[in-house]
Amino acid sequence: MEDFVTWANGEAGARELAHEVIPPDPHGKIDTERFRRSLAWHLARQPGGLVALAIQYGYLRTSVSVGYAARSRDGIHDLLDVETARATIDTVADLNADLEDGICISGPAARRAIKAAATAPQYTGNIVTARQARQIVANPHLAVYDNPNTLLMCAYKRDKALCHRGIRDTPSLDRCLPTCANIARTDRHAADLRRRAAVLDRRAAHVPGPLGERLHSNADRLRDLADANHHTRVPVQDGTV
């Protein structure tokens, strides 16, 4: 890890990229144990993170240090559970804050998302142990996942999921389908849909006719989704129904 930091800083200096230099860590030496925690943090907060875990940890198990590679898989799994639980709490806490600020939500799973958000205050600010993390991850009422790639939120229920049929306790966020009953969208998602539609329209002006038409069509679809959010928003108090 220290060699990597030295190499990265050398590259940054050679290219006059002072803002890319990795500074000395105030918490001490960067070692493989801390790297595992960083790895778990990032994996828990991105779609497809579990796939990355399987690939990266399979490699690191044999390629980093003896002390690291000798650890059981339970070690990284405990870390991943903790970071997944923290990411879950962050998601419902952010949603709760948005709803309190007047942001509205729509979609077939809107009421479930509102209920999950209402539980956020009891979890935020608490230190999460591996045991607590497993309980949080296993709690179906907290199964809310933000998916920035598809501009939606998944309030996951296994029996309603279209990304896979009743075989997993977590969604496949890279396989979201627009007709899924687990979808919810906030006003923030709707605004992002309109921004993405505008980008597609601008791109359409610079490509041949059929491709431009397809981009315009996709932009119209995104605007329709944003309009649907506006017309079908659920009042926050309805989340208790």
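Its first residue numbered 17, the sequence shown is counted upward by one per residue in the working numbering.
Glycine included, every Cβ here is placed at the ideal spot set by N, Cα and C.
In terms of DSSP beta bridges, what is residue i paired with?
i, result
"Met169", "Asp162, Ala200"
"Val250", "Ile121"
For residue i versus residue j, is the C-beta distance shorter than 9 Å?
i, j, result
"Ala206", "Ala242", "yes"
"Arg50", "His43", "yes"
"Ile199", "Cys170", "yes"
"Leu209", "Asn245", "yes"
"Ala24", "Ile46", "no"
"Pro155", "Pro137", "This sequence places Asn at residue 155; Pro is not what is there. No."
"Ala220", "Leu238", "no"
"Tyr172", "Thr195", "no"
"Thr22", "Asp114", "no"
"Cys120", "Pro40", "no"
"Leu262", "Ala34", "Since the displayed the chain opens at 17 and closes at 257, residue 262 lies outside it and no answer follows."
Which residues mark the beginning and the end of the alpha helix (DSSP H) in which residue i is found?
i, result
"Thr22", "18-30"
"Ala154", "146-154"
"Ile183", "Unbroken run through Ile183: none, as it is neither H nor E."
"Lys45", "Careful: Lys45 lies outside any alpha helix (DSSP H) and carries neither H nor E."
"Lys131", "126-134"
Taking 7 Å as the limit between beta carbons, can you name the residues of its chain near residue i, skipping five residues before and five after?
i, result
"Ala197", "Pro124, Ala125, Lys176"
"Thr140", "Ile105, Ala109"
"Ala235", "Ala213, Leu216, Asp217"
"Arg191", "Cys179"
"Thr107", "Val160, Tyr161, Asp162"
"Val80", "Low confidence applies here, because Val80 scores a pLDDT of 40, under 50, leaving its location unreliable; read the following figure in that light. So the list reads Thr48, once near-sequence residues are dropped."
"Thr265", "Not covered by the structure: residue 265. The range shown for the chain is 17 to 257."
"Asp94", "Ala146"
"Ser188", "Cys179, His180"
Sorted by chain position, which residues of the same chain lie with C-beta nearer than 6 Å to residue i's C-beta, five sequence neighbours on each side aside?
i, result
"Arg89", "Bear in mind that the predicted position of Arg89 carries a pLDDT of just 46, short of 50, making it unreliable; the figure below should be weighed with that in mind. Answer for Arg89: no residue qualifies."
"Ala28", "Glu36, Val37"
Between which residues of its own chain and residue i is the CB-CB distance below 8 Å, once the five residues before and five after are set aside?
i, result
"Ala30", "none"
"Ser233", "none"
"Glu229", "Ala220"
"Thr135", "Val108, His157, Leu158"
"Thr166", "Leu189, Cys192"
Just to check, is the beta-carbon of residue i closer than 8 Å to a non-hydrogen atom of the ligand GDP?
i, result
"Ala149", "This structure simply doesn't include the ligand GDP, nor any ligand for that matter."
(message) Within 8 Å, do at least three Cβ pairs link the region 182-193 to the region 128-135?
(response) no
(request) For the region 95-103 and the region 141-151, state whether three or more C-beta atom pairs, one from each stretch, are separated by less than 8 Å. (result) yes
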